[in-house]
Every structure is written in C-alpha cells, then in structure tokens.
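Asks: Would you mind keeping the following structure in view while I ask a few things?
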Amino acid sequence: MNRRFWNWVRNEDSTRILTLNGTIAEESWFEDDVTPRMFRDELNAGAGDVVIWINSPGGDCVAASQIYTMLMDYKGHITVKIDGIAASAASVIAMAGTEVLMAPTSLLMIHNPLTVAIGDSEEMQKAIAMLDEVKESIINAYELKTGMSRAKLAHLMDAETWMNANKAIELGFVDGVLADEKKQATHGDVVFSFSRRAVTNSLLNKLQRKQASKAATEEPPPVRTTEPRYPAEPLYQRLSLISH
C-alpha cells in the first residue's frame with residue numbers, strides 16, 4: 199500500500215477537504231508513477247469548492263510543483279488554510295489557492311532550494327545551475343501570488359524569511375487571517391440586518407406600547423353625578439344689566 203502525505207475528506211455541506219500534513223512527497227511519489235496520477239484522479243473525482251489545510255515543513259520541489267500545477271488547473275474555488283506551518287515546498291503549494299488564509303499562530307517560510315550532489319567540480323557547477331533554475335521556477339509561483347518584484351522575492355529567499363500571518367498578509371503571500379474570517383461573517387450579518395426604518399419603527403412601537411400601558415394603569419377622572427352649582431348674586435346682576 200502506498201504511503202500518502204495527503205488525505206481527502208468531506209464535511210457536512212459536501213465541501214471537499216484536502217489535508218497536507220507532514221513532508222511533501224514521501225517515497226511513494228517516486229517509487230511508482232501511479233501516485234501523481236492517483237492524486238490527480240482524486241482531485242478531479244469531484245467538482246465544486248475545495249478547502250486545503252496545510253501543515254508541512256516542505257519536501258520535494260518536483261512533487262510540490264506537480265501538486266501546485268494540478269491545483270492551479272482545477273476549475274473550482276480553492277481555499278488554502280495554513281493551520282501550522284507551510285515552509286519551503288509547502289509554501290509553493292499554498293500559492294495555488296484562490297484564497298489563502300493563515301491561523302494567527304501559524305508560520306510561512308520561504309528559502310532557497312537545497313540539494314545533495316556528489317562528483318567533481320563540473321558536477322558541482324551543474325548542481326548549482328540546476329538550483330538556480332529551480333529557484334527561478336519557485337519565484338514564478340510567488341510572483342503570481344504577491345505581485346512582488348523578482349529581485350525582492352529572491353532576496354527574501356536568500357535570507358530564509360519566516361512570516362507570521364500579519365507579515366505574510368503585508369507582503370501579499372496571504373489574503374487574510376482565519377480568525378478574521380469568522381469576525382467578518384458575524385459583522386456582515388449585523389450590517390445586513392441593520393435598517394434605519396426598522397429601528398425607527400421599533401422605537402415607535404415601544405413608545406406606543408408604553409403609552410398604552412400607562413393609560414391602562416391611570417385612574418379615570420371622577421364622573422359628575424349632579425349639576426354644577428353657581429352663586430345666585432352674579433346672575434341677578436347680569437339680569438339687571440340686560441333689563442336696562
């Protein structure tokens with residue numbers, strides 16, 4: 199049975215979830231040519247949106263390039279969520295996301311590619327030339343995502359740059375923070391439900407209910423049961439004036 203560094207699951211709303219956990223490209227990726235095809239078949243077995251959770255220190259550049267290309271070619275929306283670390287080759291795969299999000303505590307790391315070479319000076323020069331081209335190919339993926347200049351990206355790789363979520367957002371590698379996604383959903387509901395007219399009507403209804411409640415508790419004014427009495431003297435005076 200082939201050892202795999204990926205796993206497909208489905209959640210309750212039928213969104214497909216791909217988890218990349220551990221080193222990218224274990225032995226099975228190279229021991230037989232079925233494994234890359236297996237990944238592609240599983241990716242294309244369904245349709246719709248895909249969520250990719252990444253927690254990987256990196257791995258083989260060729261395997262990462264193949265996965266990156268398959269994801270870029272996928273027709274649906276791909277959301278990448280980094281919950282632990284996306285370093286080295288894993289950071290390349292992350293760049294394939296339509297949207298890339300990081301947990302507040304997660305890390306993204308980019309650096310120059312590495313290899314092991316044996317041979318004379320000519321063989322070493324070939325290895326160096328190969329690494330230079332691999333670096334340029336990795337910069338292609340970073341450049342597409344960030345829009346940053348190739349010179350600056352090369353400098354960041356030379357320095358082995360580690361990024362938390364905020365720094366990754368600032369540099370354009372990531373689009374947002376996972377916690378912010380929940381806040382925006384909550385705030386969006388509040389804004390959507392807000393209506394000035396609805397609030398005004400609600401206040402008027404409360405005032406009307408308060409007035410009705412107050413009127414119900416107040417005692418009605420006393421009802422007169424007899425005719426009002428007036429003194430007779432002023433009436434006599436008015437009659438006297440009329441008669442003259």
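Take any residue in the sequence shown, count from 1 to its spot, add 198: that is its number in our numbering.
Each residue gets a CB set at the ideal place from its N, CA and C atoms; glycine is no exception.
1) Answer yes or no: do I252 and L218 have a C-beta to C-beta separation smaller than 7 Å?
2) Among V372, I336, R202, M361, which has the Cα closest to the Cα of M236?
3) Judging by CA-CA distance, which residue of T267, A243, A288 is the nearest neighbour of G220?
4) Please classify K273 as buried or exposed, where buried requires at least 16 neighbouring CB atoms within 10 angstroms.
5) Assign V314 to buried or exposed, taking buried as 16 or more other Cβ atoms, counted over all protein chains shown, within 10 Å of its Cβ.
6) Mind the definition here: the segment 278-295 touches the segment 242-261 only if three or more C-beta pairs lie below 8 Å; say whether that holds.
7) Determine the closest residue to N338 out of G256, M361, Q323, S263, with distance taken between C-alpha atoms.
8) Buried or exposed: where does S335 fall if 16 or more other Cβ atoms within 10 Å of its Cβ makes it buried?
9) Could you tell me which of S212, G257, T267 sits nearest to G244, measuring between CA atoms?
10) Nearest to I308 by alpha carbon, out of L354, A223, G317, A292?
11) Would you say A301 and L376 are within 7 Å of each other, going by their C-beta atoms?
12) Residue ranges of each alpha helix (DSSP H) run of no fewer than 4 residues wholly in the segment 235-273, ordered along the chain?
13) Distance, Cα to Cα, E368 vs N310?
14) How would you call G256, buried or exposed, if buried means at least 16 neighbouring beta carbons within 10 angstroms?
15) Nearest to W206 by alpha carbon, out of E240, W360, V290?
16) Under 7 Å between the Cβ atoms of Y266 and A294?
17) From the DSSP output, in three-state form, read off N313 for me.
18) CB D271 to CB A223, shorter than 7 Å?
19) Determine the direct distance from the alpha carbon of A352 to that of H275, and round the result to whole angstroms.
20) What are the residues that DSSP puts in a beta bridge with V375?
21) With a threshold of 16 other CB atoms inside 10 Å of the CB of I316, please say whether the residue is buried or exposed.
22) For M346 and I326, I'd like the C-alpha separation in whole angstroms.
Replies: Walking through what the data contain:
1) Yes, the pair counts as a contact, with Cβ atoms nearer than the cut-off.
2) Nearest option by C-alpha distance: R202.
3) The candidate whose alpha carbon is nearest that of G220 is A288.
4) With fewer than 16 other Cβ atoms within 10 Å, it is exposed.
5) In summary, V314 is exposed, with fewer than 16 beta-carbon neighbours lying within 10 Å of its beta-carbon over all protein chains present.
6) Yes: the two stretches touch, three or more of their Cβ pairs being nearer than 8 Å.
7) Residue S263 is the option with its Cα nearest to N338.
8) That one is exposed.
9) With distances taken between Cα atoms, G244 lies closest to S212.
10) Ranked by Cα distance from I308, the first of L354, A223, G317, A292 is L354.
11) The answer is yes: Cβ separation under 7 Å.
12) Within the segment 235-273, the complete alpha helix (DSSP H) runs of at least 4 residues are 259-271.
13) Taking the CA atoms as reference points, E368 sits about 21 Å from N310.
14) Counting the other CB atoms within 10 Å of its CB gives G256 a total of 16 or more, which places it among the buried residues.
15) Selected option, being the one with the closest Cα: E240.
16) Yes, Cβ-Cβ distance for Y266 and A294 is below 7 Å.
17) A quick correction: the sequence has Thr, not Asn, at residue 313. Residue state, collapsed to three classes: coil.
18) Cβ atoms of D271 and A223: not closer than 7 Å.
19) H275 and A352: Cα-Cα distance of roughly 29 Å.
20) According to DSSP, V375 bridges with M300.
21) By the C-beta density criterion, I316 is exposed, having fewer than 16 other C-beta atoms within 10 angstroms.
22) Going from the Cα of M346 to the Cα of I326 covers about 25 Å.
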